[in-house]
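Using full-length UniProt numbering, read the sequence shown as starting at 1 and increasing by one per residue.
Following: one structure in structure tokens, then a few remarks.
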Amino acid sequence: MPYLDVQGRICGFMNFEQDEESGRFFRRYFVISLEDDCILCYMDNPMNLPEAARRPILEIQLTNISNARIAEKQRPKVEYCFVVTTSKREFYFQADNHRDMEDWVNRINNASKITVPSSVVPGGTLPLGDKNGGDARAVSYKTEVVGGVVIRTPVQPGAQLSGESESDEEVNVYTREAPSSESSPKHVAGSMDKTAARLFPGRNIIESGWCVKQGAVRKSWKRRYFILDDQGISYYKSDQEKIPIRMIPLKEISSCKVAEHGPSIQRDNLFEIISAGRTFFVQAYTPGEMASWIESISDAIATKKKGLEQSVFYLCNETTGFEKQGTLYSNNG
């Protein structure tokens, strides 16, 4: 069962599928280290190993973990199995009993949870008293590292810290059912390609993966799972959802580029999706992922625009009776 070591870290033994989709589980020792921002995997308790063998054989970055969940359906023959989904692969674990399984899942989810401030006071300051010289009141601050930037956010008395009211559900949205099968996936470039391809086997997925986006009303930041296909870009609460929070049609997107302005310019790897009614600010986890998203979305916009222009051209020919004569067009008299 998981326990706390002398350094206050959560640790313990579990069985672990070291080679992806091999079905073979090995006994390993794990440490959830918040200081290292990793789940560390060892052959045995490091205290029992010679000094030369005390380095971890595997490190799973906490910031790359999207969630941990029970995996009874995915691995029905493995008792007390749960899965940790990251931006690279899915890691399967086997706990000793049901209680330990739930304990590990909760602890990993808590350790990997992304918390972001709901707002940032311009200039980074807040007066401690009123303008009329009233008594100064103590102000609480929430300090967080977001996108490599340390942010201190003043917390008003009685205010919620979590910002759970997601603006995406409060504004007019586009929603749709799971798409029908039109063509097989041609290319899946995102970090969660296997998950997306498995959930949407008939969808022409171009890119998929986890990003952090800003809400429209409360300006809070939340992790969302994005899927770009030949119709638009959709984002979901998790990589297991089939109904998106919102779908932005490609025909309504004018451009996608590195963010040059806005309330969150200090965030690393920030890009913007500019549509007819709103600019969406999205933060990728690495510069490479940001560049990949921008390139994929821009290419998809260009392809969609070209297809629409061709459709309009052929429609005009059919309705007006224009015929091509050399390099000129006439209407037969």
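Each residue gets a CB set at the ideal place from its N, CA and C atoms; glycine is no exception.
This structure is a prediction, so every number in the text was calculated from the model and none was measured.
Whole angstroms is fine: what's the gap from residue i's alpha carbon to residue j's?
{"i": "A196", "j": "R224", "result": "13 angstroms"}
{"i": "D230", "j": "P249", "result": "9 angstroms"}
{"i": "F271", "j": "Q94", "result": "39 angstroms"}
{"i": "D44", "j": "I245", "result": "43 angstroms"}
{"i": "I259", "j": "K219", "result": "According to the sequence displayed, residue 259 carries Ala and not Ile. Looking at the two C-alpha atoms, the distance is approximately 16 angstroms."}
{"i": "E51", "j": "F280", "result": "50 angstroms"}
{"i": "N15", "j": "F30", "result": "10 angstroms"}
{"i": "D5", "j": "M47", "result": "11 angstroms"}
{"i": "N204", "j": "G23", "result": "30 angstroms"}
{"i": "L62", "j": "T85", "result": "11 angstroms"}
{"i": "K222", "j": "Q214", "result": "7 angstroms"}
{"i": "L49", "j": "A68", "result": "29 angstroms"}
{"i": "E59", "j": "G277", "result": "42 angstroms"}
{"i": "R267", "j": "C211", "result": "13 angstroms"}
{"i": "Y236", "j": "F226", "result": "6 angstroms"}
{"i": "T303", "j": "G209", "result": "21 angstroms"}
{"i": "W104", "j": "I70", "result": "10 angstroms"}
{"i": "P201", "j": "I243", "result": "15 angstroms"}
{"i": "S254", "j": "S66", "result": "30 angstroms"}
{"i": "D19", "j": "N106", "result": "24 angstroms"}
{"i": "V282", "j": "K257", "result": "10 angstroms"}
{"i": "A216", "j": "Q240", "result": "24 angstroms"}
{"i": "R99", "j": "P287", "result": "40 angstroms"}
Just to confirm the assignment, what range does the alpha helix (DSSP H) spanning residue i have?
{"i": "residue 342", "result": "Because the chain here runs from 1 to 333, residue 342 falls outside it and cannot be looked at."}
Locate the beta strand (DSSP E) running through residue i, then write down its first and last residues.
{"i": "E207", "result": "I205 to Q214"}
{"i": "N67", "result": "I65 to I70"}
{"i": "Y225", "result": "W221 to D229"}
{"i": "K237", "result": "That residue, K237, is in no beta strand (DSSP E); it is neither H nor E in DSSP."}
{"i": "T286", "result": "Premise fails: T286 is in no beta strand (DSSP E) and is neither H nor E."}
{"i": "F200", "result": "F200 -> no beta strand (DSSP E), and no H or E assigned at all."}
{"i": "S87", "result": "Element bounds for S87: n/a, residue is neither H nor E."}
{"i": "P249", "result": "R246 to P249"}
Measuring only between beta-carbons, confirm whether residue i sits less than 8 angstroms from chain B.
{"i": "G277", "result": "This model lacks chain B altogether; it includes just one protein chain."}
May I ask you to list the residues that DSSP assigns as paired with residue i?
{"i": "Y42", "result": "Y29"}
{"i": "Y80", "result": "In the DSSP output, where bridge partners are listed per residue, Y80 has none listed."}
{"i": "M1", "result": "Looking at the DSSP assignment, M1 forms no beta bridge with any residue, so it has no partner."}
{"i": "E272", "result": "K257 and F281"}
{"i": "L58", "result": "C41"}
{"i": "I10", "result": "L4 and I32"}
{"i": "N15", "result": "R27 and Q94"}
{"i": "G232", "result": "P249"}
When you compare the CB positions of residue i and residue j, do they come within less than 8 angstroms of one another, or not?
{"i": "N269", "j": "E295", "result": "no"}
{"i": "I297", "j": "I273", "result": "yes"}
{"i": "A111", "j": "L34", "result": "yes"}
{"i": "M247", "j": "S238", "result": "no"}
{"i": "C41", "j": "R55", "result": "no"}
{"i": "Y92", "j": "E17", "result": "yes"}
{"i": "V88", "j": "N109", "result": "According to the sequence shown, residue 88 is Lys rather than Val. Contact: no."}
{"i": "A300", "j": "I206", "result": "yes"}
{"i": "G12", "j": "M1", "result": "yes"}
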